[in-house]
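Novice: Protein chains in written order, with our numbering: chain A, 2 to 313; chain B, 16 to 295.
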Amino acid sequence: MGDVKKIATRESYGNALVELGKKNPNVLVLDADLAGATKTSTFKKEFPDRHIDCGIAEANMTGIAAGLSTCGKIPFISSFAMFAAGRNFEQVRNSIGYPHLNVKIGATHAGITVGEDGASHQCLEDVALMRTIPGMTVIVPSDDIEAKAAVMAAAETEGPFYMRFGRAAVPVINDNADYKFEVGKAVVLKDGTDIVIFANGVCVSEALGAADMLAADGINAAVVNVHTVKPIDKATVVEFAKKTGRVFTCEEHSVIGGLGSAVCEVLSDEYPVKVTRIGVYDRFGKSGPASALMHEFELDAEGIYKQIKASL
Amino acid sequence: MNNKELQITACNVRKGIVEAVHSAKSGHPGGSLSAADMYTYLYFEEMNIDPKNPKDPSRDRFVLSKGHTAPGLYSALANRGYFPVEDLKTLRHLGSHLQGHPCMNETPGVDMSSGSLGQGVSVAVGMALAAKLSGDSYRVYTLTGDGEIQEGQIWEAFMFAGAKGIDNLTVVIDNNGLQIDGKVEDVCSVYPIDKKLEAFNFNVVCIDGHDFDQIRDAFAQAKACKGKPTAIIMKTTKGKGVSYMENQAGWHGKAPSDEEYEQAIKELDEQLAKINEAEV
């Protein structure tokens with residue numbers, strides 16, 4: 002995948018917001034002094050009157066968005082995942098989730114690919130937190146195309162959304178004519194019969210790489226992109242568990258509470274089968290270049306391949 | 016409404032609070048009663064609202080940031096005609112639309128769900144900002160407790176409202192001086208509230224929260240003030256109207272027994288009779 006085009010999904014978020022802003026005058030973007038980093042500065046440049054900088058006060062930003070949404074606006078609130086979901090959990094739960102308001106949360110800089118800033122800023126718990134809030138849709142896009150599609154879908158769908166974007170550039174993998182984004186519908190990227198890897202976010206392209214390496218060893222792995230962690234695509238999860246009989250999950254998130262847990266919940270209810278959760282194993286991140294961290298945490302293609310081989 | 020009518024209505028709102036909390040066998044009478052005159056003034060005099068059309072996009076909005084005083088809000092809404100007064104007795108019962116803390120998707124007239132302290136002012140700021148962005152003329156009101164302003168998010172919201180000059184927002188602070196653990200100044204003093212809010216670029220009006228002339232005047236000042244949000248700091252008596260509850264922190268979140276309930280209703284009926292006898 003040497004010459005593959007790479008774009009960070011936070012860039013996609015900013016670009017999609019501009020597109021959305023042109024279509025829908027009710028779309029507003031709120032920031033907490035991170036517009037440059039969350040890439041919503043592109044929206045701010047285009048629509049200065051519809052961009053609200055709340056200063057370094059994420060809790061207040063979340064409440065303001067709740068109030069705006071009750072008056073017919075569609076606010077997108079932007080910050081790093083650590084603050085948007087972590088610091089803000091209770092505001093999101095009580096001021097957005099409980100009243101089921103039409104607020105969209107664009108959380109950038111999720112996971113270890115934040116890189117050099119280190120563990121304090123590498124949120125590995127956000128999907129777990131957001132997934133427990135009733136009525137919250139949780140999406141972890143895998144590339145530029147999917148990230149943009151998620152933003153568009155969020156604007157068109159009533160109710161709260163949490164969208165997880167990354168800081169580091171990731172390969173564009175969905176640029177084909179057949180690609181269609183649907184909230185809650187997993188995308189089968191590679192069919193297979195021996196094992197299935199359910200992945201999302203930056204781990205999707207890495208899982209595809211791992212599947213290639215497994216193929217060289219005679220293991221036919223299916224790769225399914227579960228971009229929507231909630232509501233999860235139960236039918237596809239069960240279908241591939243039945244088809245392969247051996248399930249792996251792969252995510253740039255704690256193995257506690259994220260995609261791996263969501264898949265286990267579905268399968269323990271409907272089709273118990275052995276599941277190995279690949280992710281961050283109950284530890285914090287650390288400083289370093291994003292790619293080096295993906296290698297260190299065995300979330301790159303080679304690391305995923307090694308972990309799968311070790312548990313087969 | 017003239018002051019006498021407002022006083023009668025406030026007395027009925029207080030009776031509704033006592034009935035609701037007694038029937039629920041739990042809830043928060045103290046802070047509901049301290050703000051009963053304010054609830055009455057907002058829903059019967061100040062706000063542009065229509066109980067028959069509670070979701071009217073052009074209506075004024077109210078966010079109860081101190082959500083535990085829901086019995087006060089519910090009683091005002093019921094007395095104003097949003098739903099039957101008899102419903103108040105279902106407060107906190109399974110299946111009732113009157114949840115322990117306000118729920119906008121359950122109760123007609125409730126503009127925002129609340130209950131977790133410190134979050135309501137931000138929401139009210141968002142509503143007021145929406146009006147500004149759309150060029151609408153509705154106004155937004157929010158009520159916080161004096162203990163509640165110990166929450167940091169409240170000051171984030173004050174800072175934003177002051178910095179952006181959101182003048183269609185009125186924040187009312189119920190300064191009854193008591194919180195669960197005792198006196199506000201003993202637990203963690205919030206004083207001086209007025210000076211702090213002035214420093215946050217608010218138009219500050221300090222009043223007696225049980226005096227309808229002063230309440231009326233405060234809202235007139237809020238409406239007249241341009242370029243700044245207004246804070247009305249109202250000195251009140253926690254538990255106002257029920258003798259044994261007045262100024263007792265212990266009545267923050269406790270229901271009256273059957274005997275205590277009878278006494279409270281008797282006292283409020285006597286106050287009603289006295290108001291009715293008085294000259295307009």
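Every residue, glycine too, gets a C-beta built ideally from N, C-alpha and C.
Everything numeric in this text was worked out from a predicted model, so none of it was measured.
(1) Looking at Val155 (chain B): is its Cβ nearer than 7 Å to the Cβ of Ala139 (chain B)?
(2) Using the beta-carbon of each residue, which ones in chain B are nearer than 7 Å to Leu69 (chain A)?
(3) Whether or not the region 288-295 of chain A and the region 221-229 of chain A are in contact is what I'm after, with contact meaning three or more pairs of Cβ atoms, one per stretch, closer than 8 Å; do they touch?
(4) For Asp189 (chain B) and Cys204 (chain A), what's the separation of their Cα atoms in angstroms?
(5) What's the C-alpha gap between Ile57 (chain A) and Leu313 (chain A)?
(6) Does DSSP put Met142 (chain B) in a helix, in a strand, or in coil?
(7) I'd like to know whether the C-beta atoms of Leu106 (chain B) and Ala178 (chain B) end up nearer to each other than 7 Å.
(8) Alpha carbon to alpha carbon, how far is Asp151 (chain B) from His37 (chain B)? Give it in angstroms, no decimals.
(9) CA-CA distance, Lys7 (chain A) and Ser206 (chain A)?
(10) For Arg29 (chain B), count neighbouring Cβ atoms within 10 angstroms of its own Cβ and tell me buried if that reaches 16, exposed if not.
(11) Can you give the beta carbon distance from Ala148 (chain A) to Thr10 (chain A), rounded, assuming they're within the 8 Å contact cut?
(12) Could you tell me which chain B residues have their CB closer than 7 Å to the CB of Ser96 (chain A), listed as they occur along the chain?
(13) What are the boundary residues of the beta strand (DSSP E) that includes Thr158 (chain A)?
(14) Considering Met249 (chain B), what are the terminal residues of the beta strand (DSSP E) in which it resides?
(15) Identify the contact partners of Cys55 (chain A) in chain B, using a Cβ-Cβ distance below 7 Å as the criterion.
(16) Near Met2 (chain A), which residues of its chain fall below 8 Å by C-beta distance, leaving aside the five closest residues on each side in sequence?
(17) Is the CB of Asn226 (chain A) under 7 Å away from at least one CB in chain B?
(18) Exposed or buried, which one is Leu88 (chain B) when buried takes at least 16 other CB atoms within 10 Å?
(19) By the DSSP assignment, the beta strand (DSSP E) with Ile140 (chain A) in it spans what residues?
(20) Contact check, Ala86 (chain A) vs Tyr180 (chain A) under 8 Å by CB: the rounded distance?
(21) Quick check on DSSP: helix, strand or coil for Tyr56 (chain B)?
(22) Below 8 Å on the Cβ atoms is my contact criterion, and I expect Tyr97 (chain B) with Pro117 (chain B) to pass it. Report the Cβ-Cβ distance as a whole number of Å.
(23) According to DSSP, which residues form a beta bridge with Pro172 (chain A)?
(24) I want to know whether the region 239-249 of chain B touches the region 168-185 of chain B - three or more CB-CB distances under 8 Å.
(25) Report, in whole angstroms, the separation of the C-beta atoms of His43 (chain B) and His225 (chain B), which I expect to be a contact under 8 Å.
(26) Pairs of beta-carbons, one from the region 192-207 of chain B and one from the region 169-178 of chain B, closer than 8 Å: are there three or more?
(27) Let me know if Leu29 (chain A) comes out buried or exposed under the rule of 16 or more other beta-carbons within 10 Å of its beta-carbon.
(28) With 7 Å as the threshold, decide whether the Cβ of Leu35 (chain A) is near any Cβ in chain B.
(29) When the Cα atoms are used, what is the spatial distance from Gln236 (chain B) to Val187 (chain B)?
(30) Is any beta-carbon of chain A found at less than 7 Å from that of Gln114 (chain B)?
(31) Return no unless some Cβ of chain D is closer than 7 Å to the Cβ of Gln165 (chain B).
(32) Identify the continuous alpha helix (DSSP H) that holds Asp54 (chain A) and give its terminal residues.
(33) Going straight from the alpha carbon of His108 (chain B) to that of Gly160 (chain A), what length do you get?
(34) So within the region 103-162 of chain B, which uninterrupted alpha helix (DSSP H) runs reach at least 4 residues, ignoring any that extend past its ends?
(35) Does the beta-carbon of Val104 (chain A) have 16 or more other beta-carbons within 10 angstroms, so that it is buried, or is it exposed?
Specialist: According to the structure data:
(1) Inclusion of Val155 (chain B) and Ala139 (chain B) in the CB contact set at 7 Å is warranted, their separation being smaller than that value.
(2) When 7 Å is used as the limit between beta carbons, Leu69 (chain A) is near these residues of chain B: Gly141, Leu144, Ala145, in chain order.
(3) no
(4) Straight-line Cα distance between these residues: approximately 52 Å.
(5) Each residue's alpha carbon lies about 48 Å from the other.
(6) helix
(7) Against a cut-off of 7 Å, the Cβ pair of Ala178 (chain B) and Leu106 (chain B) comes out as no contact.
(8) 41 Å
(9) 11 Å
(10) buried
(11) 4 Å
(12) Gln134, Val138
(13) Here Thr158 (chain A) belongs to no beta strand (DSSP E), and DSSP marks it neither H nor E.
(14) 245-250
(15) Chain B residues near Cys55 (chain A): Phe175.
(16) In this prediction, Met2 (chain A) has a pLDDT of 46, which is less than 50 and means its spatial position is unreliable; what the coordinates show is noted afterwards. Once the five neighbours on either side are set aside, the close Cβ partners of Met2 (chain A) are Pro172, Ser206, Gly210.
(17) no
(18) buried
(19) 138-140
(20) No, Ala86 (chain A) and Tyr180 (chain A) are not in contact; Cβ-Cβ is about 27 Å, not under 8 Å.
(21) helix
(22) About 12 Å; that fails the 8 Å criterion.
(23) A:Lys7
(24) Two segments are said to touch when three or more pairs of C-beta atoms, one from each, lie closer than 8 Å; by this definition the region 239-249 of chain B touches the region 168-185 of chain B.
(25) Going by Cβ atoms, the distance from His43 (chain B) to His225 (chain B) rounds to 18 Å, so no, they are not a contact pair.
(26) no
(27) buried
(28) Not closer than 7 Å to any Cβ of chain B, the Cβ of Leu35 (chain A) fails to qualify, so no.
(29) 13 Å
(30) At a cut-off of 7 Å between C-beta atoms, Gln114 (chain B) does not count as an interface residue with respect to chain A.
(31) Absent from the structure is chain D; the protein chains it does hold are A and B.
(32) Where Asp54 (chain A) is concerned, there is no enclosing alpha helix (DSSP H), although the beta strand (DSSP E) around it starts and stops at 52-54.
(33) 28 Å
(34) 135-149
(35) buried
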